[in-house]
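**Q** This is the structure I have questions about; it appears just below.
Number of protein chains: 2
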Amino acid sequence: MTYTIGEMAKLLDVAPSTLRYYDKEGLLPFMERTENGIRIFKDSDYEILKIIHCLKATGMQIKDIKEFINLVMQGDKSIDARLELFKKRKAELEKQMADLQGTMDTVNFKCWYYETAKKAGTTAVPDNMSDDELPEDMRKIRARLRN
Amino acid sequence: MTYTIGEMAKLLDVAPSTLRYYDKEGLLPFMERTENGIRIFKDSDYEILKIIHCLKATGMQIKDIKEFINLVMQGDKSIDARLELFKKRKAELEKQMADLQGTMDTVNFKCWYYETAKKAGTTAVPDNMSDDELPEDMRKIRARLRN
DNA sequence: ATAAAAGTTAAAGTTAGCTTTAAGTCAATA
DNA sequence: TATTGACTTAAAGCTAACTTTAACTTTTAT
Numbered sequence: 730m731t732y733t734i735g736e737m738a739k740l741l742d743v744a745p746s747t748l749r750y751y752d753k754e755g756l757l758p759f760m761e762r763t764e765n766g767i768r769i770f771k772d773s774d775y776e777i778l779k780i781i782h783c784l785k786a787t788g789m790q791i792k793d794i795k796e797f798i799n800l801v802m803q804g805d806k807s808i809d810a811r812l813e814l815f816k817k818r819k820a821e822l823e824k825q826m827a828d829l830q831g832t833m834d835t836v837n838f839k840c841w842y843y844e845t846a847k848k849a850g851t852t853a854v855p856d857n858m859s860d861d862e863l864p865e866d867m868r869k870i871r872a873r874l875r876n
Numbered sequence: 730m731t732y733t734i735g736e737m738a739k740l741l742d743v744a745p746s747t748l749r750y751y752d753k754e755g756l757l758p759f760m761e762r763t764e765n766g767i768r769i770f771k772d773s774d775y776e777i778l779k780i781i782h783c784l785k786a787t788g789m790q791i792k793d794i795k796e797f798i799n800l801v802m803q804g805d806k807s808i809d810a811r812l813e814l815f816k817k818r819k820a821e822l823e824k825q826m827a828d829l830q831g832t833m834d835t836v837n838f839k840c841w842y843y844e845t846a847k848k849a850g851t852t853a854v855p856d857n858m859s860d861d862e863l864p865e866d867m868r869k870i871r872a873r874l875r876n
């Protein structure tokens with residue numbers, strides 16, 4: 730199967746201009762064109778664009794994704810480098826997930842805080858609770874927020 | 730305890746210019762100053778800056794964080810609105826964590842893919858594996874990437 | 001056959017969230 | 001007392017990742 734830029738953009742839920750931008754930035758060096766210069770997208774292009782999307786979601790920048798694409802273009806001799814790259818992305822993702830969990834802890838604390846304030850009619854109540862008055866799992870979080 | 734902008738910036742691990750920028754954007758309407766115009770940061774400011782950082786980490790924009798600060802300045806009458814705001818941030822975070830897990834699934838697939846390619850010396854091996862040759866937990870992920 | 005829809009490029013514009021610069025004031029140390 | 005370092009403001013500058021615009025060509029549908 731082949732697709733025009735508009736069709737591929739729809740499949741990926743991005744704007745056609747985004748795909749042109751990626752091409753201009755060197756992310757799509759394998760792109761084929763018709764005799765009249767119109768881009769022809771293939772199923773293999775869909776797959777690599779999904780991977781580009783994934784790498785972006787790990788926090789990688791376009792210029793670094795371009796380096797990955799360069800590795801892909803080198804074929805089998807860059808397998809090791811590509812494996813190492815994905816291992817690094819995995820480590821980076823694990824850090825992001827831990828950070829997000831820390832943020833979730835704070836948000837959960839604030840939900841408890843405002844629920845308690847709501848019942849009491851004033852934030853003074855949760856504000857003035859001593860450490861042993863608050864739920865076990867809120868103590869460390871409040872301590873971290875106050876430092 | 731009180732702090733200068735430089736001391737507070739160090740505590741929060743941000744640049745002093747960042748705190749000035751937040752102030753200019755209306756995130757710190759409670760800021761006090763010396764007679765000579767120098768900002769005086771208090772422990773309560775540290776706490777609210779931690780919350781600002783948390784809200785940013787949930788993906789909230791500066792102008793929306795400013796609205797939250799406006800609610801805080803209104804006192805107890807905005808408790809409900811603030812509770813709802815944090816509940817929304819929690820829902821948003823849950824979506825982000827699910828998305829991140831999806832990204833992690835793809836990265837894990839690619840780690841498996843390149844480990845398999847490395848052992849074989851060529852990506853042709855994982856590329857040509859039939860569905861029942863790949864590990865159980867890789868099947869759905871590859872299907873999603875190929876669509 | 002013609003009009004509309006979709007493709008093309010290069011270049012300029014947008015946005016968020018800072019950071020830097022320039023010009024100046026204030027506080028602390030040698 | 002003088003110099004250093006930290007504070008102040010307003011305004012300009014920066015960066016990433018697109019998006020928009022303008023001018024044009026190609027493809028598709030009636």
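For the protein sequence lines, the chains are A and B, in the order given. Here the working numbering = 1-based position in the first sequence + 729. Here the working numbering = 1-based position in the second sequence + 729. By construction, the Cβ of each residue, glycine as well, lies at the ideal position given by its N, Cα and C atoms.
In this structure, how does DSSP classify Phe770/B when only helix, strand and coil are distinguished?
**A** Here the question's residue 770/B lines up with position 41 in the second sequence. Strand at Phe770/B.
**Q** Could you pull out every unbroken alpha helix (DSSP H) segment of at least 4 residues lying fully inside the stretch 818-873 of chain A, listed in chain order?
**A** Runs of the alpha helix (DSSP H) inside the stretch 818-873 of chain A: 853-856.
**Q** Distance cutoff 9 Å, beta carbons only. Does Thr852/A sit that close to anything in chain B?
**A** Position 123 of the first sequence, counted from the start, is the residue given in the question as residue 852/A. Interface residue, yes.
**Q** Counting contacts by CB-CB distance shorter than 9 Å, is Arg818/B in contact with chain A?
**A** Your numbering for residue 818/B matches position 89 in the second sequence. So yes, Arg818/B belongs to the interface.
**Q** Using the three-state DSSP reduction, which class does Thr763/A fall into: helix, strand or coil?
**A** For this step, residue 763/A is matched to residue 34 along the first sequence. Looking at Thr763/A - three-state DSSP - the assignment turns out to be coil, as it is neither helix nor strand.
**Q** Mind checking which residues open and close the alpha helix (DSSP H) that includes Gly735/A?
**A** For the purposes of this step, residue 735/A is taken as residue 6 along the first sequence, with counting starting at 1. Where Gly735/A is concerned, the enclosing alpha helix (DSSP H) stretches over Ile734 to Leu741.
**Q** Could you please give me the residues that DSSP links to Thr731/A through a beta bridge?
**A** If you number the first sequence from 1, residue 731/A lands on position 2. For Thr731/A, which the question treats as bridged, DSSP gives the partners Lys771/A.
**Q** Spell out whether any CB of chain A is found under 9 Å from the CB atom of Arg885/B.
**A** Any property of residue 885/B remains undetermined from this structure, which presents chain B solely from 730 to 876.
**Q** Is it buried or exposed for Met730/B, if we count other Cβ within 10 angstroms and need 16 for buried?
**A** By 1-based counting over the second sequence, the position of residue 730/B is 1. By the neighbour-count rule (16 or more Cβ atoms within 10 Å), Met730/B is not buried but exposed.
**Q** From Asp805/B to Asp793/A, what does the alpha carbon distance come to, in whole angstroms?
**A** For the purposes of this step, residue 805/B is identified with residue 76 of the second sequence, where counting begins at 1. For the purposes of this step, residue 793/A is identified with residue 64 of the first sequence, where counting begins at 1. Taking the straight line joining both Cα atoms gives about 48 Å.
**Q** Got a sec? Which residues, its chain only, sit under 7 Å from Arg768/B by beta carbon, not counting five neighbours each side?
**A** The count along the second sequence starts at 1 and reaches residue 768/B at position 39. So the qualifying residues of the chain are Ile734, Met760 and Arg762.
**Q** Note the first and the last residue of the continuous alpha helix (DSSP H) segment covering Leu748/B.
**A** Stepping through the second sequence from its first residue, residue 748/B is reached at position 19. Residues Pro745 to Lys753.
**Q** Classify Met802/A as helix, strand or coil using the three-state DSSP reduction.
**A** Position 73 of the first sequence, counted from the first residue, corresponds to residue 802/A. The answer is helix: DSSP assigns Met802/A an H, G or I state.
**Q** Among Asn876/B, Tyr750/B and Ala786/B, which residue has its Cα nearest to the Cα of Val836/A?
**A** Within the first sequence, numbered from 1, the residue matching residue 836/A stands at position 107. Comparing Cα-Cα distances from Val836/A to each of Asn876/B, Tyr750/B and Ala786/B, the minimum goes to Ala786/B.
**Q** Compare the C-beta of Asn765/A against all C-beta atoms of chain B and say whether one is closer than 9 Å.
**A** Translated into the one-based positions of the first sequence, residue 765/A becomes position 36. No, no contact with chain B.
**Q** Who are the neighbours of Val836/A on chain B, taking C-beta pairs under 8 Å?
**A** The count along the first sequence starts at 1 and reaches residue 836/A at position 107. Result: Cys783, Thr787, Phe815, Arg818, Lys819 and Leu822.
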